[in-house]
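Only one structure is covered here, and it is reproduced in the block below.
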Amino acid sequence: MATASARHILVETEDACQDLKEQIEGGKDFGAIAAEFSACPSGKSGGELGTFSRGQMVKEFDDVVFTGELNKIHGPVKTQFGYHLIEITKRVD
Numbered sequence: 001m002a003t004a005s006a007r008h009i010l011v012e013t014e015d016a017c018q019d020l021k022e023q024i025e026g027g028k029d030f031g032a033i034a035a036e037f038s039a040c041p042s043g044k045s046g047g048e049l050g051t052f053s054r055g056q057m058v059k060e061f062d063d064v065v066f067t068g069e070l071n072k073i074h075g076p077v078k079t080q081f082g083y084h085l086i087e088i089t090k091r092v093d
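FYI, the numbering for the sequence shown is 1 to 93, going by UniProt numbering.
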């Protein structure tokens, strides 16, 4: 069964998500941005979600994590919870 590890940042608006993505791509630390801005409790640990299997996250999140390029910032990704920036740190197919 495929598994992945990822970290993410969850915010309310697409604009906020895009702004944070630009800050990270400009050299700011993903974990520090997650700790300061993420609405998800995982923000306290730099956005770390640990390892999970396909189907454990909402479809939009899964689709990115199980097909996207590793170690790249993906997003904004819209889900029922808001807008995410996602970094896939590991995947085992």
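Where is the CB? At the ideal position from N, CA and C, for every residue including glycine. The structure presented is a predicted model; accordingly, all values stated were derived computationally and were not measured.
Beta strand (DSSP E) segment containing residue i, residue limits
| i | result |
| --- | --- |
| K78 | 73-79 |
| E87 | 82-92 |
Residue i - containing alpha helix (DSSP H), residue span
| i | result |
| --- | --- |
| D66 | It is worth fixing the name first, because residue 66 is Phe in this sequence and not Asp. No alpha helix (DSSP H) contains F66, which DSSP labels as neither H nor E. |
| A32 | 30-37 |
Where residue i sits in the DSSP three-state scheme
| i | result |
| --- | --- |
| A6 | strand |
| S53 | strand |
| E12 | coil |
Contact belief for residue i with residue j at Cβ below 8 angstroms, rounded distance in angstroms
| i | j | result |
| --- | --- | --- |
| A34 | R7 | 7 angstroms |
| E85 | P76 | Per the sequence shown, residue 85 should be read as Leu rather than Glu. Yes, L85 and P76 are in contact; Cβ-Cβ is about 7 angstroms, under 8 angstroms. |
| F37 | V11 | 6 angstroms |
| K21 | I73 | 6 angstroms |
| I9 | G50 | With a Cβ gap of about 16 angstroms, I9 and G50 do not count as contacting. |
Three CB pairs or more closer than 8 angstroms across the region 81-93 and the region 55-71:
Remark: three or more beta-carbon pairs, one from each stretch, lie closer than 8 angstroms, so the region 81-93 and the region 55-71 are flagged as touching.
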